[in-house]
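Below is one structure, written out as structure tokens; comments come after it.
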Amino acid sequence: MDEQALLGLNPNADADFRQRALAYFEQLKISQDAWQVCAEALAQSIYSDDHIKFFCFQVLEHQVKFKYSELTEVQQQLIRETLITWLQAQMLNPQPEKTFIRNKAAQVFALLFVTEYLTKWPKFFFDILSVVDLNPRGVDMYLRILMAVDAELVDRDVVHTSEEARRNTLLKDTMREQCIPSLVESWYQILQNYQYSNSELTCQCLEVVGAYVSWIDLSLIANERFINMLLGHMSVEVLREEACDCLFEIVNKGMDPIDKTKLVESLCQVLQSAGLFSIDQEDDVDFLARFSKLVNGMGQALIASWTKLIKSGDMKSAQDALQAIEAKVSLMLQLLIHEDDDISSNIIGFCYDYLHILKQLSALSDQQKTNVEAIMLAVMKKLTYDEEYNFENEGEDEAMFVEYRKQLKLLLDRLAQVSPELLLASVRRVFNTTLQNWQTTRFMEVEVAIRLLYMLAEALPVSHGAHFSGDVTKATALQDMMRTLVTSGVSAYQHTSVTLEFFETVVRYEKFFAVEPQHIPAVLMAFLDHRGLRHSSPKVRSRTAYLFSRFVKSLNKQMNPFIEDVLNRIQDLLELSPPENGYQALLSSDDQLFIYETAGVLIVNSEYSAERKQALMRNLLTPLMEKFKVLLEKLMMAQDEDRQMALADCLNHAVGFASRTSKAFSNKQTVKQCGCSEVYLDCLQTFLPALSCPLQKEVLRSGVRTFLHRMIICLEEEVLPFIPSASEHMLKDCEAKDLQEFIPLINQITAKFKTQVSPFLQQMFMPLLHAIFEVLLLPAEDNDQSAALEKQMLRRSYFAFLQTVTGSGMSEVIANQGAENVERVLFTVIQGAVDYPDPISQKTCFIILSKLVELWGGKDGPVGFADFVYKHIVPACFLAPLKQTFDLADAQTVLALSECAVTLKTIHLKRGPECIQYLQQEYLPSLQVAPEIIQEFCQALQQPDAKVFKNYLKVFFQRAKP
């Protein structure tokens, strides 16, 4: 072996050596006999370095996995002998091998097992057992091999091919027949031998039993001697966690419902008599988490049995199962309420399923009602944050608690389905008690009281948030709680979690303020002062900005009396943060977007006159325009790249804010009706010069483009005079991405204004196409995937543009470009339909072709087009689907084929019998299609129902492709 290269296997070796070792590994993998050198090194223990031993196993692993069939019988025998020799050596070595080497060796054994067990090595396990006997190091390897075999055969995380799945089923069946009873016996011997002297081996063996129990005959394990031993382990501290998991796997095994009920009940009796149900006496939380999982498994197993028995109509046995379930509820509750969230979380499945049973019963007993109430109280208690929760810097523990809270929410929703009245009454009680004394109550209790009110909205759902009408009891209860929330002063509580919960709840129940509008001013003040938008925590300010915009939008009818006051109070929050060092604005630019939108909504939805609205909108947008001009001048002068970027960002924010205010307009309240057209036209005039700025082009263009999109929607034809010069600037020295983003703008204008923009389109059609072709023809490196993807996206955009032009009834835009250009455009569409394996573009191209045939394909169409139809469009409809890359099993491709069918139908519609004659006598015979198939094809094409032909075409090409 190359000793120099092997030095690079050490993790501390320098990069060159490591590189060399990797290259050597690749070299050995391809080499014919390198594996033999490695096998010898392992069998004769030539190397003492762990990394080299691991490396040798890797080479062997590669040989067994990928090249085993190439070996001769003798060579295959050598690999088997090498592994057995290595295994024998393990028991004599003064020191055991490192764990990572033992695991890798076990993987190689497992790979060999999968390859050889059914043919050459049926005694695989017996050979290993005869070598290891009860030697602790040998047993360790045997158990690792068993786990590796299980991973190969049943690991749910590994995706197996259907061939591998079949092979694995055959392997398991053969093992069940030939060796499983002996393996189970060996496990029993190992457990019996080592349970008091070697906890590590015992735990390993329990893990093996747990893994195999899912696919072997359960009676081999679920019998007196095994279960008694496992139960014995439940009271041995170092073994009980693994024993718990092992029992869980036994309980989880699919079996007859009556037998399962008996099995679970007998287990429970023994566990209870061993004192394991006394949760309060146990302080080992790791064990309790496993135990909770076991109880959860037992509970869910009983519930699954109950469900099956009810379905089969065996009411007597179902009743027994239900009794067994009820008997576990007090234990479940102890685990659910446990202060450790992992223990509690592990039992939620049982709890949820139990409530599902209660939901199906016609009436609840007193005990069941008590259980429901106990679950409810437990959920309320467990929803509470603990002291350690870090609100300012949320890490992994916090994320886990948030997930746990989601599980509890599901329980609460399920409780609401079982007993909505009880849930409402319980929440009301907790809420009122807490809010009466909120000043002296800990934050987590105040937060959870408000949180429960918030959660009721989803637990007791209504349509369109109409919580305050309909069911009187519920409406009154919610109205009372909301009144308490907004009048109690709790919004001033000094903790971010309470503050946020207050605002979230106010917004969720915004319909309350339609019923009691007198509370609106107080809530607006909370939003606007130090409790909300001016809070000391950036997190609160940010969330409040969003919630404030939702609040104002939902209550726009009630906002009129407060508009000017609110606009004055948010004035300072609208300021564009200058890109100067150290300036710390209260809100981020993303948060400011919501404030601008809110300001827009207040103005547009007000009851003011159009003049007043215009004046307010001008006040809102003029500072942005003035700042924009100053910043653009500064950018033109800026030398430093960072400074340029900061200024460009700031300019972009200004445009974004102006854009966002326009979201307030609607069909009922248009820009024109509100008298605001002039203000937005001024904005356009201010922002467009940024398009000709040579610096930071991408950022600036993107912002102005978005603004133009908005203005096309809001300003209607008043925007048209600005489009030509804007387009001219955007087409100057642009790249694939620029074009890709510019084309949707042109599509939007074309689709909206149609013939109004025809002259403009005719003028810019070829310049736009030249820009596109120039980018598409740029040479790119073969392996530059991002460049290839950008070109594909640009090609799609180009075809989408042609589709918009033809689909908006403006084919004259293309027709008036001169014969040579028209031909060039048509050929790009044919090319798009046939040559590029992109079904999305192909579909668009066929849509364009069928549209053009519909417009120009008749007797009075442009000169030469009929010729083009037969020479190019008809062949495209056959050449595209016949390509190997045209995958008829792919959904997008089927859509492309569907449009191809439409194209052929349209040609037939416009050209009539002449088209059939051409297909029958010229085109299809040239493809060597059999006469009877030609006949069949032409008949299908002439069917009046287009769907019949679409279905036929798919079958036609499926038959035609090899």
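Take the sequence shown: its position 116, counting from 1, is numbered 116 in the UniProt record's numbering, and each next residue is one higher.
Backbone N, C-alpha and C define an ideal beta-carbon position, used for all residues, glycine too.
If we ignore side chains and look at the alpha-carbon of each, how far apart do residue 963 and Leu-294 end up? The chain is shown only over 1 to 962; residue 963 falls outside these bounds and no answer can be derived.
Relative to the C-alpha of Glu-641, which candidate in Lys-668, Leu-688, Pro-694 has its C-alpha closest? For the purposes of this step, residue 641 is taken as residue 641 along the sequence shown, with counting starting at 1. Its Cα nearest to that of Glu-641, the residue Pro-694 stands out among Lys-668, Leu-688, Pro-694.
So Gly-557 and Thr-496 are supposed to be a Cβ contact under 8 Å. How far apart are they, rounded? As a position in the sequence shown, residue 557 is number 557, starting the count at 1. As a position in the sequence shown, residue 496 is number 496, starting the count at 1. The question names Gly, but residue 557 is Lys in the sequence shown. Lys-557 to Thr-496, Cβ: 31 Å. No contact.
Buried or exposed for His-464, going by 16 or more other Cβ atoms inside 10 Å? To locate residue 464, count along the sequence shown from 1; it is residue 464. Exposed, since its Cβ has fewer than 16 Cβ neighbours within 10 Å.
In the DSSP assignment, find the alpha helix (DSSP H) that holds Pro-875 and state where it starts and stops. What you label residue 875 is simply residue 875 of the sequence shown in a count that begins at 1. Run containing Pro-875: 874-882, per the alpha helix (DSSP H) assignment.
Assigned exposure category for Met-400 - 16 Cβ within 10 Å defines buried: The sequence position of residue 400 within the sequence shown is 400, counting from 1. When all chains shown are included, Met-400 counts as exposed.
Quick one: give me the first and last residue of the alpha helix (DSSP H) that Pro-759 is part of. Position 759 of the sequence shown holds residue 759. Taken as a continuous stretch (DSSP letters only), the alpha helix (DSSP H) holding Pro-759 covers 758-776.
Nearest neighbour of Met-482, chosen from Arg-176, Tyr-142, Glu-504 [CA to CA]: Reading the sequence shown from its first residue, position 482 is the one you call residue 482. Ranking the options by Cα distance to Met-482, first place goes to Glu-504.
Are there 16 or more other CB atoms within 10 angstroms of the CB of Glu-774, so buried, or fewer, so exposed? Taking the sequence shown and counting its residues from 1, the one referred to as residue 774 is at position 774. The residue is exposed, with fewer than 16 neighbouring Cβ atoms inside 10 Å.
Val-813 and Phe-765 closer than 9 Å at C-beta: Taking the sequence shown and counting its residues from 1, the one referred to as residue 813 is at position 813. Taking the sequence shown and counting its residues from 1, the one referred to as residue 765 is at position 765. Result yes, Cβ atoms of Val-813 and Phe-765 sit closer than 9 Å.
CA-to-CA distance, Val-490 to Leu-435, given in whole angstroms: In the sequence shown, the residue the question calls residue 435 occupies position 435. In the sequence shown, the residue the question calls residue 490 occupies position 490. Cα to Cα, the separation comes out at about 7 Å.
What does the alpha-carbon distance come out to for the pair Leu-587 and Glu-597? What you label residue 587 is simply residue 587 of the sequence shown in a count that begins at 1. What you label residue 597 is simply residue 597 of the sequence shown in a count that begins at 1. A straight line joining the alpha-carbon of Leu-587 with that of Glu-597 spans about 14 Å.
Local conformation of Pro-913 per DSSP, three classes: Taking the first residue of the sequence shown as position 1, residue 913 is located at position 913. DSSP places Pro-913 in helix when its eight states are reduced to three.
Pair every Cβ in the stretch 162-172 with every Cβ in the stretch 122-136, then say whether three or more of these pairs are closer than 8 Å. no
Alpha-carbon spacing of Ile-549 relative to Ala-492, whole angstroms: To locate residue 549, count along the sequence shown from 1; it is residue 549. To locate residue 492, count along the sequence shown from 1; it is residue 492. One detail in the question is off: residue 549 reads as Ser in this sequence, not Ile. Cα to Cα, the separation comes out at about 21 Å.
Look at the alpha carbon of Gly-210 and the alpha carbon of Asn-103, and state the distance between them as a whole number of angstroms. Counting from one through the sequence shown, the residue named residue 210 turns up at place 210. Counting from one through the sequence shown, the residue named residue 103 turns up at place 103. Roughly 19 Å between the two C-alpha positions.
Would Phe-562 pass as a contact of Leu-547 if the rule is Cβ separation under 9 Å? One-based indexing of the sequence shown puts residue 562 at position 562. One-based indexing of the sequence shown puts residue 547 at position 547. Their beta carbons are not under 9 Å apart, which means Phe-562 does not touch Leu-547 by this criterion.
To test your reading of the DSSP string, which unbroken alpha helix (DSSP H) runs of 4 or more residues are found completely within the stretch 824-865? 839-856
Out of Phe-937, Met-637, Ile-603, Glu-633, which one is the CA nearest neighbour of Leu-621? Here residue 621 is taken as the residue at index 621 of the sequence shown, counted from 1. Minimum Cα distance to Leu-621 is reached at Ile-603.
At what residue ranges does the stretch 402-456 contain a whole run of the alpha helix (DSSP H), taking only runs of 4 or more? 420-436
Taking its Cβ as the centre, do 16 or more other Cβ atoms sit within 10 Å of Ile-933, making it buried, or is it exposed? As a position in the sequence shown, residue 933 is number 933, starting the count at 1. Looking at its Cβ environment, which holds fewer than 16 other Cβ atoms inside 10 Å, Ile-933 is exposed.
Have a look at Lys-859 and Leu-802 and give me their C-alpha separation to the nearest angstrom. For this step, residue 859 is matched to residue 859 along the sequence shown. For this step, residue 802 is matched to residue 802 along the sequence shown. Cα-Cα distance, rounded: 23 Å.
Enclosing alpha helix (DSSP H) for Leu-720 [first to last residue]: Your numbering for residue 720 matches position 720 in the sequence shown. Taken as a continuous stretch (DSSP letters only), Leu-720 belongs to no alpha helix (DSSP H), as it is neither H nor E.
Count the other CB atoms within 10 Å of the CB of Tyr-196; is the residue buried (16 or more) or exposed (fewer)? Taking the sequence shown and counting its residues from 1, one reaches residue 196 at position 196. With fewer than 16 other Cβ atoms within 10 Å, it is exposed.
Label Glu-97 either buried or exposed according to how many other C-beta atoms from any shown protein chain fall within 10 Å of its C-beta, with 16 as the threshold for buried. In the sequence shown, residue 97 corresponds to position 97, counting from 1. Buried, since its Cβ has 16 or more Cβ neighbours within 10 Å.
Option nearest Val-108 by Cα separation, candidates His-62, Glu-501, Asn-93: Mapped onto the sequence shown, residue 108 falls at position 108. Nearest of His-62, Glu-501, Asn-93 to Val-108, Cα basis: His-62.
How big is the Cα-Cα spacing for Tyr-117 and Phe-799? Taking the sequence shown and counting its residues from 1, the one referred to as residue 117 is at position 117. Taking the sequence shown and counting its residues from 1, the one referred to as residue 799 is at position 799. For Tyr-117 and Phe-799, the distance between alpha carbons rounds to 58 Å.
Within this structure, are the beta carbons of Gln-756 and Leu-720 separated by less than 9 Å? For this step, residue 756 is matched to residue 756 along the sequence shown. For this step, residue 720 is matched to residue 720 along the sequence shown. With a cutoff of 9 Å on beta-carbon distance, Gln-756 and Leu-720 are scored as near each other.
Count the other CB atoms within 10 Å of the CB of Asp-838; is the residue buried (16 or more) or exposed (fewer)? Position 838 of the sequence shown, counted from the first residue, corresponds to residue 838. When all chains shown are included, Asp-838 counts as buried.
Whether Glu-242 touches Asp-286 by CB criterion (9 Å): Counted from its first residue, the sequence shown places residue 242 at position 242. Counted from its first residue, the sequence shown places residue 286 at position 286. The answer is no: Cβ separation not under 9 Å.
State the CB to CB distance for the pair Val-184 and Ile-221, rounded to an integer number of angstroms; the pair is presumed to be in contact (CB under 8 Å). As a working mapping, residue 184 is identified with position 184 in the sequence shown. As a working mapping, residue 221 is identified with position 221 in the sequence shown. Correct: roughly 7 Å between the Cβ atoms.
Whole-number beta carbon distance between Met-810 and Thr-903, since they are thought to touch under 8 Å: Taking the first residue of the sequence shown as 1, we reach residue 903 at position 903. Taking the first residue of the sequence shown as 1, we reach residue 810 at position 810. Rounded, the Cβ-Cβ distance is 20 Å, inconsistent with contact.
For Trp-121, three-class secondary structure by DSSP: Sequence index remark: in the sequence shown, residue 121 carries index 121 (1-based). Trp-121: coil per DSSP, three-state reduction.
Rounded to the nearest angstrom, what separates Arg-618 and Ala-771 at their Cα positions? For the purposes of this step, residue 618 is identified with residue 618 of the sequence shown, where counting begins at 1. For the purposes of this step, residue 771 is identified with residue 771 of the sequence shown, where counting begins at 1. Near 38 Å, if we compare the C-alpha coordinates of Ala-771 and Arg-618.
If I'm right that Ala-110 touches Glu-152 with Cβ under 8 Å, what's the distance once you round it to whole angstroms? Counting from 1 along the sequence shown, the entry for residue 110 is found at position 110. Counting from 1 along the sequence shown, the entry for residue 152 is found at position 152. 5 Å between Cβ atoms; contact.
Inter-residue spacing [alpha-carbon to alpha-carbon] between Phe-657 and Leu-593: On the sequence shown, position 657 is the one that residue 657 refers to. On the sequence shown, position 593 is the one that residue 593 refers to. Here the alpha carbon of Phe-657 sits roughly 6 Å from the alpha carbon of Leu-593.
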